[in-house]
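Number of protein chains: 2
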Amino acid sequence: MAERFSSMYSVDSALAKVLQQRRQKLGALIESPVLLWSGRAPSKNFLANQYSFRASSHFLYFAGLPIQGAAICLHQGQVTLLMEDVPDSDALWHGVSPTRQQIAEQIGAIAHYPLSHFPDYRAAATIPVQDLWTRSQQSQVLGRSWQDATDLQGIDRDLAEALVQLRLVQDESAIAAIQEAATVTVRAHLAGIHQTHSAHTEAQVRAAMESVLLAENMTTAYTSIVTVQGEVLHNLYSHRKLQPGDLLLADVGAEHPLGWAADVTRTWPVSGQWSATQRAIYDVVLAAHDACIAAIAPGVEYAAVHLTAARVIAAGLVDLGILKGDPTTLVERGVHALFFPHGVGHLLGLDVHDMEDLGDLAGYAPGRTRSDRCGMQYLRLHRPLQVGMVVTIEPGFYQVPAILGAARQQAALEDCVNWERLATFEDVRGIRIEDDVWVTPKGPQVLTAALPTQADEIVQLMHSSPVG
Amino acid sequence: MAERFSSMYSVDSALAKVLQQRRQKLGALIESPVLLWSGRAPSKNFLANQYSFRASSHFLYFAGLPIQGAAICLHQGQVTLLMEDVPDSDALWHGVSPTRQQIAEQIGAIAHYPLSHFPDYRAAATIPVQDLWTRSQQSQVLGRSWQDATDLQGIDRDLAEALVQLRLVQDESAIAAIQEAATVTVRAHLAGIHQTHSAHTEAQVRAAMESVLLAENMTTAYTSIVTVQGEVLHNLYSHRKLQPGDLLLADVGAEHPLGWAADVTRTWPVSGQWSATQRAIYDVVLAAHDACIAAIAPGVEYAAVHLTAARVIAAGLVDLGILKGDPTTLVERGVHALFFPHGVGHLLGLDVHDMEDLGDLAGYAPGRTRSDRCGMQYLRLHRPLQVGMVVTIEPGFYQVPAILGAARQQAALEDCVNWERLATFEDVRGIRIEDDVWVTPKGPQVLTAALPTQADEIVQLMHSSPVG
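Line order of the protein sequences matches chains A and B.
Just so you know, we're using numbering that gives the first Met the number 0 here: the first sequence kicks off at 0 and counts up by one.
Just so you know, we're using numbering that gives the first Met the number 0 here: the second sequence kicks off at 0 and counts up by one.
Put into structure tokens, the structure is as follows:
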């Protein structure tokens, strides 16, 4: 196992207070002891060649620091640290590590024990982590096993519900960390936009963007999408050459060193010039983006925000002659989903899709399940918005051959799609505009507002001098 | 599971021929069928947030392409592909994937089946992969389980020995790929050296280096070490500020898209000026580096190369007044290891520590085991060099507080270390110089020779204009 812990991390008094509050709130929600594991870094082809360590988000939320191979026991607002001491022989390879006692003091633990030697915790609730080595340790300690964390039972389910209740609403410390990640992400996008003139490949733009994160000791919160094939929603490869008529879609977000995520997408023309068709569709997507953000307020149903995006996109496509009919009816029939097949966004927090390890428990209010309705099945968030939530707003327009090919076969769509008109928009493969929005009592606060969204402003940035 | 496969990868006719040769050689070495799995990408906190996929090296060696969630059966020089077909619904998220049949044709498979529906392979040999989900599938298919791959039994051990015999000697295709990774790595180091003037933190230099790899669609072959605390051998964090008197040690290597690794270290002064003490020690390490490379030839024992480094370093430290006595005797007593505690290098290939998943089976000739001798216990390669091997040469000098603190307590070292003299070298915390060397019939060929090693040349690079 690589380094357990680095001196780059520390808990200051403000964070210590926040952690204490989170632990007390959990204690008020659940009576049984709670045991949360951090996990450990998976290995590539041999044990010592590890991926970078990413602690479990539930652990991070209460422990505050990414301590590898550790667990915490939370009970009645107090925390106990469980981890092996790092052997002295480790100092040659990894430097002098803090002792378990020092780490316990850092995170405000009232006691600390080796993991191998801890009290009887069979009555503790837990959430199974992704890393299977650690999950097997969880099974051994707790005497039960899990298929995954999306269908928990008994006290584990109680714990999951308590975690959702807490983590849905971000405290000030969380907002500050998300804002830090968002600020660096904005700089990464500016660097990518500037770099496009001198880049020949998607990979060169991606490198320019990710190097901004790396230079701040941040990492990517998810695998970056930097592609001229924006219609492939999760296009993870950036090997294509840039051509003058292409749109480049960049979905890149930073992860703060303590785990908090940003998630931002911009789309811009490789040449620095929008074609008339690209510009027209871009403005439709932007109108949807702006309408969604304007609609955000406490108490508003997120599904309504999604339907706002769908309606604005449908209306825009009617105006452009691509769709025919009444926008509201088109949305009811799911026709907008031919071009906007995904949900308008999701929860953002310690995970880029926050708490998605728990399935839809966080995203869907109790009693709600995924809809079969066209364009709604991929909606990741279906709750009334609450003060303190952070959500993404990310409408898009895509020409996905698999979707449009199948649609052309359907006689039912003949009356509402003008396929000949659509053919004139063939240089618009994929556009998405995504920002991160904090729900405050006064309404939406866009954490990524420093990054322009206007079509003109973006191409002006391409022509201006680069930023640090 | 994310994308199984990308159109960025393809097997050209030259690679097809190489793969055929590798399969035939394996068929000549082992009679039983061989089943090798590629593995799958591990997840961070929720299933869909995956690390980048890194296929098992043994799989890559014979399949040629990083196909996620696949297995190949090798028998008598022929290959069968085993993988599920990608569902059509995947096209929205990941684009149109090649079918199993298309992939089978790419890699030259004579047949292809779904993994869930394959013949009885209980008699097949395998190597357990790192990813535990896949390892459990291996267990189910083959009806046996493994602690890890470092202590295999029966036909699995036979297979491991055959793989070592093949993979110890790199074919032309492998050398070409390692050379590509090495060339990009050299450019990354040049970028890091140039960037140092304008950088304030280790992370900024690291970002400049890694962005060169990313821009070429390569990744890091291992977690980069970019640190002013070079005495911490595997220092994975780059959060420190650069100070004018610091040496910056950068150990960064590219991984070719098809898996082949480079592994390069340089050390340079942050200010662009060596202090007299830094320059003196640097030249000692460089003399060791040059002597080791000069010593490389087919038939030479790698341990002798290691001892060459030890002797040159001991002699240099005697000349500087830090050590006292005869260099050969100092090395016999292990005194050099106070400052050069690790081995002088290792095998390089598809893995940065090639075949380390098999423990010491690749690194150590049959019958040999790790020595207790001071300075030898971390030697990763203890074989006679063969034509076609690629090895690293990476001598170093480090002042590790844990080692030197313990040493000062030992009366036995009083006669051979001048602690007062050593104290004047306190601005030399860690220096390493590492290159990748191909053993040819004519002697060593340094694949990373384009990157200067001379102290003067390196600081001149810092003052010259940046390269692309």
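Just so you know, even glycine gets a beta-carbon here, dropped at the ideal spot from N, CA and C.
At least one CB of chain B closer than 8 Å to the CB of A:F45: is that the case? yes
Counting only runs of 3+ residues fully inside the region 368-407 of chain B, write out the beta strand (DSSP E) ranges in chain order. 389-392, 395-397
Interface flag, B:P97 vs chain A, CB-CB below 8 Å: No, because no Cβ of chain A sits closer than 8 Å to the Cβ of B:P97.
Is A:G94 close to chain B, meaning its C-beta is less than 8 Å from at least one C-beta of that chain? yes
Per-residue burial, B:H472 [other beta carbons within 10 Å of its own, 16 or more giving buried]: Outside the displayed span of chain B (0 to 467) sits residue 472 of chain B, for which this structure offers no information.
Quick check on DSSP: helix, strand or coil for B:G38? Residue state for B:G38 is assigned as coil, using DSSP reduced to three classes.
The region 24-51 of chain A: positions lying closer than 8 Å to chain B by Cβ: P41, S42, K43, N44, F45, L46, A47, N48, Q49, Y50, S51
Measuring CB to CB, does A:G229 end up less than 8 Å from A:T266? yes
Find the residues of chain B that neighbour A:Q129, judging by a C-beta separation of less than 8 Å, and give them in chain order. P41, S42, K43, N44, F45, L46
Run through chain A and tell me which residues come within less than 7 Å of B:S56, C-beta to C-beta. Near B:S56 (Cβ distances below 7 Å), the residues of chain A are N44.
Secondary structure of A:K24, DSSP reduced to three states: helix
A:Q152: buried (16+ other C-beta within 10 angstroms of its C-beta) or exposed? exposed
Tell me the rounded alpha-carbon separation between A:E419 and A:K240. 29 Å
Classification of B:T264 by the beta-carbon crowding that lies within 10 angstroms, buried from 16 upward: Buried, since its Cβ has 16 or more Cβ neighbours within 10 Å.
In chain A, which residues lie less than 7 Å from B:S237 when you measure between Cβ atoms? N216
I need the boundaries of the beta strand (DSSP E) containing A:C72, first residue and last residue. Where A:C72 is concerned, the enclosing beta strand (DSSP E) stretches over 70-74.
Got a sec: is the Cβ-Cβ distance from A:T379 to anything in chain B below 8 Å? Here the sequence assigns Arg to residue 379 of chain A, which means Thr is not the residue at that position. Not one chain B Cβ lies under 8 Å of A:R379.
Quick check on B:G429: buried or exposed, where buried means 16 or more other Cβ atoms within 10 Å of its Cβ? buried
Check whether A:V168 and A:M217 have beta carbons under 8 Å apart: no
Pairwise C-alpha distance: B:I392 and B:G333: 20 Å
If we cut at 8 Å on Cβ distances, does B:H305 have a partner in chain A? no
At a CB distance below 9 Å, what residues from the region 259-280 of chain A approach chain B? Give them in sequence order. none
Buried/exposed call for A:T328, threshold 16 Cβ in 10 Å: exposed
Hey, is A:I402's beta-carbon within less than 8 Å of any beta-carbon in chain B? yes
What does the Cβ neighbour count give for B:G467, buried or exposed, with the cut at 16 atoms within 10 Å? Confidence at B:G467 is low in this model, with a pLDDT of 44, below 50, so its placement is unreliable and no value can be given for it.
Flag B:D157 as yes if its beta-carbon sits less than 8 Å from any beta-carbon of chain A, otherwise no. It does not: the Cβ of B:D157 has no partner Cβ on chain A nearer than 8 Å.
Along chain B, which residues have their Cβ under 8 Å away from the Cβ of A:L213? A202, R205, A206, E209, S210
Can you tell me which residues form a DSSP beta bridge with A:H111? A:L80
Contact under 8 Å by Cβ, B:V386 with B:V436: Their beta carbons are not under 8 Å apart, which means B:V386 does not touch B:V436 by this criterion.
Using the three-state DSSP reduction, which class does A:Q169 fall into: helix, strand or coil? Looking at A:Q169 - three-state DSSP - the assignment turns out to be coil, as it is neither helix nor strand.
Any C-beta of chain A under 8 Å from that of B:T222: yes
Does the beta carbon of B:D84 sit closer than 8 Å to a beta carbon anywhere in chain A? no
Say whether chain B places a C-beta atom closer than 8 Å to the C-beta of A:W145. Residue-level contact by beta carbon fails for A:W145 and chain B, as no gap is shorter than 8 Å.
Through-space distance from B:G358 to A:W259, alpha-carbon basis: 37 Å
Secondary structure at A:P443, three-state DSSP: helix, strand or coil? strand
Quick one: residues in its chain with C-beta nearer than 7 Å to the C-beta of A:P326, no 5 flanking neighbours on either side, listed in chain order? R310, A313, A314, V317
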